[in-house]
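Quick notes on the structure that follows.
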Amino acid sequence: MQTRALIFDVDGTLAETEELHRAAFNAAFRARGLGWHWTKAEYARLLKTTGGKERIRRFIVERGEDPACFDIAALHGEKTGLYVSMMEAGSVPLRPGIAELLQGARAAGLRLAIATTTSRPNVDALIAAALGQPADQVFEVLSCGDEVAAKKPAPDVYALALHRLGLPPSEALAIEDSRNGLLSARAAGLACIVTPSLYTMAEDFAGAHLVLPDARALDIGALP
Ligand code: XBP
Ligand code: MG
Numbered sequence: 002m003q004t005r006a007l008i009f010d011v012d013g014t015l016a017e018t019e020e021l022h023r024a025a026f027n028a029a030f031r032a033r034g035l036g037w038h039w040t041k042a043e044y045a046r047l048l049k050t051t052g053g054k055e056r057i058r059r060f061i062v063e064r065g066e067d068p069a070c071f072d073i074a075a076l077h078g079e080k081t082g083l084y085v086s087m088m089e090a091g092s093v094p095l096r097p098g099i100a101e102l103l104q105g106a107r108a109a110g111l112r113l114a115i116a117t118t119t120s121r122p123n124v125d126a127l128i129a130a131a132l133g134q135p136a137d138q139v140f141e142v143l144s145c146g147d148e149v150a151a152k153k154p155a156p157d158v159y160a161l162a163l164h165r166l167g168l169p170p171s172e173a174l175a176i177e178d179s180r181n182g183l184l185s186a187r188a189a190g191l192a193c194i195v196t197p198s199l200y201t202m203a204e205d206f207a208g209a210h211l212v213l214p215d216a217r218a219l220d221i222g223a224l225p
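Numbers given in the working numbering equal positions in the sequence shown, counted from 1, plus 1.
So this is what it looks like as structure tokens:
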């Protein structure tokens, strides 16, 4: 086996977090009296733009308004605070098989990393709530959205995770739930296993090493 590290996406892959993100965006819009509300259908469309700040900007442009008239960074900062509070209050379970996969991978001597477009506080809150441990004790490397110039589907966040691991792409494997994530991993030279999530299940995963229903179906002994 050549694979020495598993690099995980977060939203949709470790857990079905997007409904909590949507609730946090809507709560931030309410708190600012903006009168905006993202329905599930609208969010499914907007999710094609990765990154919360980029998603808000696109929404404003689509409304025919000028993004320069809004403090998107502050609005998004408020959304992140609300998401973290909501996660602390309610938590979101890890997807089936994820906890076992993390444990099994560690036991098999694989290194664990994160490559996500989401903000770091969101990752910390999810892992603390779901596993009761700091994220940087579970994952040796964490590469997050705001650390790179271009978010997925650009390769930057996977390239950064590989750089921090000190590994070539041939020695790591990405685990994703979305087409944008798959494209990002492939553009960084990584093989990628996709476990589609609620918001991504209708997407095209051509180019994936494997498409599996969830992490329970992932056999560590059969990795490339
Ligand atoms: C997830 C995202 C994120 C979250 C929100 O994509 O696009 O933007 O929806 O996070 P992926 P922030 O799973 O491909 O990484 O609001 O912190 O950006
Ligand atoms: Mg994802």
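We put the beta carbon where it would ideally sit given N, CA and C, even for glycine. Treat the numbers as computed from the prediction; the structure is a model and nothing was measured.
- Here DSSP, grouped into helix, strand and coil, assigns V11 to coil.
- Beta-bridge pairing by DSSP links I194 to I176 and L211.
- Distances taken from the Cβ of N123 to the heavy atoms of the ligand XBP include one shorter than 7 Å.
- The three-state secondary structure of S120, taken from DSSP, is coil.
- Inclusion of S144 and I176 in the CB contact set at 8 Å is not warranted, their separation being larger than that value.
- The closest heavy atom of the ligand XBP lies less than 7 Å from the beta carbon of K153.
- Setting aside the 5 residues that flank it on each side, G190 is surrounded in the same chain by P170, each with a C-beta closer than 7 Å to its C-beta; the list follows chain order.
- Remark: C-beta atoms of A16 and L95 approach each other more closely than 8 Å.
- Every alpha helix (DSSP H) of 4 residues or more that sits fully in the segment 90 to 178 is shown, in chain order, as 99 to 108, 121 to 132, 136 to 139 and 157 to 166.
- A contact is defined here as three or more CB-CB pairs under 8 Å, and the segment 60 to 75 fails this definition with respect to the segment 105 to 113.
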